[in-house]
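Participant: Before I ask anything, here is the structure I am working with.
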Amino acid sequence: MKTKVLLGMSGGIDSSVSAMLLQRDGYEVVGVYMKLHDKGGGYHEENYKRASQVGERLGIEVKFLDLSDSFRKDIYNYFVQSYQGGLTPNPCVMCNRLIKFGALIDFASSLGIEKVATGHYIRCDGEFFYKAKDETKDQTYFVAQVKKEVLPKLIFPLAEWRKEDLKIFASQFETFEAFKTQKESNEICFVDGEYTDILAKHFEIDKKGKTFTTDGKVVGEHKGYMHYTIGKRRGFSVHGAHDPHFVLSINPQNNEIIVGKKEELEVKNFRIKNINLFEEKKSFKAQIKVRYRTQGIDCTISLDGNGGEVFLDESVFGLAKGQFAVFYDDDKLIGSGEIE
Numbered sequence: 178m179k180t181k182v183l184l185g186m187s188g189g190i191d192s193s194v195s196a197m198l199l200q201r202d203g204y205e206v207v208g209v210y211m212k213l214h215d216k217g218g219g220y221h222e223e224n225y226k227r228a229s230q231v232g233e234r235l236g237i238e239v240k241f242l243d244l245s246d247s248f249r250k251d252i253y254n255y256f257v258q259s260y261q262g263g264l265t266p267n268p269c270v271m272c273n274r275l276i277k278f279g280a281l282i283d284f285a286s287s288l289g290i291e292k293v294a295t296g297h298y299i300r301c302d303g304e305f306f307y308k309a310k311d312e313t314k315d316q317t318y319f320v321a322q323v324k325k326e327v328l329p330k331l332i333f334p335l336a337e338w339r340k341e342d343l344k345i346f347a348s349q350f351e352t353f354e355a356f357k358t359q360k361e362s363n364e365i366c367f368v369d370g371e372y373t374d375i376l377a378k379h380f381e382i383d384k385k386g387k388t389f390t391t392d393g394k395v396v397g398e399h400k401g402y403m404h405y406t407i408g409k410r411r412g413f414s415v416h417g418a419h420d421p422h423f424v425l426s427i428n429p430q431n432n433e434i435i436v437g438k439k440e441e442l443e444v445k446n447f448r449i450k451n452i453n454l455f456e457e458k459k460s461f462k463a464q465i466k467v468r469y470r471t472q473g474i475d476c477t478i479s480l481d482g483n484g485g486e487v488f489l490d491e492s493v494f495g496l497a498k499g500q501f502a503v504f505y506d507d508d509k510l511i512g513s514g515e516i517e
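Using my numbering, read the sequence shown as starting at 178 and increasing by one per residue.
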């Protein structure tokens, strides 16, 4: 009897090719399209139609799963409330933990299906995540908060694929003809333009405020604290400044931003919380990423309960509270913590 696998199908080429690869490997595939947000303009209808057409070609049933209530409560509200609190959230990290490898796992269980697959570029051996063969597409950063207990259930058909090879492979099959002109999806699925477009639906974000230096001097004004993230260097005034100034920190209670020169952004150690580990450790050396598109930096991590301290071998600039610090041992993902 074939092993059943529930495949998350977004209507994109990665998950669609994954369906064919799973079939080729002998799995019985059931597809599911997840409605995560309330984007209009036929967005979900078009994507579900595309996923269903692939399913028809391959003989796969594609279910429609409305998770928009859970997504709004756990991801969208987290996104909005984080910016309101002066933090810089990472909704994709939390979506993978709570929705794609949380609610989707639960849905599979309700169908009596043990295995779950997605079109992520990640390797997984059931115990650990590892960087994908195509490091330009590697998505391990975004699964660094996923619960360890779900790993034995996961399959990633694209683990050993390079995106360019996948496109060449897909071009051989009429099933994937419609994907030839498809654009890459947005990094944050519910944000079409600027993140402030979302915030403006909930808050008055254009409230002018004062710009301070670290010694408490008022040096200018800004257009509203939610327009700024750590490291931003434009959109505020600094009277009499000859050197570029950057946002160092945000005071949401008083609608203030604190600015300074680039060297004041330099960080060598910092605290983390909400620790998620794939192997038990207390004090250890690792390579750490403090943002997705960065190189790993050698560091020492010392954990105490659900928090800890990171000591970097070399400085980083523009560390943002609310983002995730992700730990690696070469290609192996060790875990992560939220930057305090």
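Note that CB positions come from ideal geometry on N, CA and C, so glycine has one too.
In this text the structure is predicted, and so the values were computed from the model without any measurement.
(1) Hey, which unbroken runs of the beta strand (DSSP E) at 3 residues or more fall wholly within the region 187 to 212?
(2) From V467 to I452, what distance separates their C-alpha atoms?
(3) Can you grab the Cα-Cα spacing for the pair E491 / I474, in whole Å?
(4) Starting from the Cα of D215, find the closest Cα among R249, D383, Y298 and Q261 and give me that residue.
(5) Determine the direct distance from the alpha carbon of P266 to that of G401, and round the result to whole angstroms.
(6) Whose CA, out of G482, F389 and G512, lies closest to the CA of K438?
(7) Between which two residues does the alpha helix (DSSP H) holding F346 run?
(8) With a threshold of 16 other CB atoms inside 10 Å of the CB of H176, please say whether the residue is buried or exposed.
(9) To the nearest angstrom, report how far apart L496 and G408 are at their CA atoms.
(10) Assign V320 to one of three DSSP states: helix, strand, or coil.
(11) Note down the Cα distance separating P421 from N273, rounded to an integer number of angstroms.
(12) Tell me which same chain residues have a C-beta within less than 6 angstroms of the C-beta of I252, skipping the five on either side of it?
(13) Using only the alpha-carbon positions, how far apart do Q322 and G514 sit?
(14) Roughly how many angstroms lie between the CA atoms of K324 and I435, to the nearest whole one?
Facilitator: Considering the structure as presented:
(1) List check, beta strand (DSSP E) in window: 205 to 212.
(2) Sequence index remark: in the sequence shown, residue 467 carries index 290 (1-based). Sequence index remark: in the sequence shown, residue 452 carries index 275 (1-based). Distance between the alpha carbons of V467 and I452: 14 angstroms.
(3) Sequence index remark: in the sequence shown, residue 491 carries index 314 (1-based). Sequence index remark: in the sequence shown, residue 474 carries index 297 (1-based). E491 and I474 have their C-alpha atoms spaced approximately 7 angstroms apart.
(4) Translated into positions along the sequence shown, residue 215 becomes position 38. Nearest of R249, D383, Y298 and Q261 to D215, Cα basis: R249.
(5) Counted from its first residue, the sequence shown places residue 401 at position 224. Counted from its first residue, the sequence shown places residue 266 at position 89. If you take the alpha carbons of G401 and P266, they lie about 18 angstroms apart.
(6) By 1-based counting over the sequence shown, the position of residue 438 is 261. Comparing Cα positions, the closest option is F389.
(7) Working through the sequence shown from its first residue, we reach residue 346 at position 169. Taken as a continuous stretch (DSSP letters only), the alpha helix (DSSP H) holding F346 covers K340 to A347.
(8) Since the first residue of the chain shown is 178 and the last is 517, residue 176 is not available in this structure.
(9) The sequence position of residue 496 within the sequence shown is 319, counting from 1. The sequence position of residue 408 within the sequence shown is 231, counting from 1. If I take the Cα positions, the gap works out to 8 angstroms.
(10) Counting from one through the sequence shown, the residue named residue 320 turns up at place 143. Helix, per DSSP.
(11) Sequence index remark: in the sequence shown, residue 421 carries index 244 (1-based). Sequence index remark: in the sequence shown, residue 273 carries index 96 (1-based). Cα to Cα, the separation comes out at about 37 angstroms.
(12) Here residue 252 refers to the residue found at position 75 when the sequence shown is read from its first residue. Excluding positions up to five away in sequence, the list reads P268, M271 and C272.
(13) Numbered from its first residue, the sequence shown carries residue 322 at position 145. Numbered from its first residue, the sequence shown carries residue 514 at position 337. Cα to Cα, the separation comes out at about 8 angstroms.
(14) If you number the sequence shown from 1, residue 324 lands on position 147. If you number the sequence shown from 1, residue 435 lands on position 258. About 36 angstroms.
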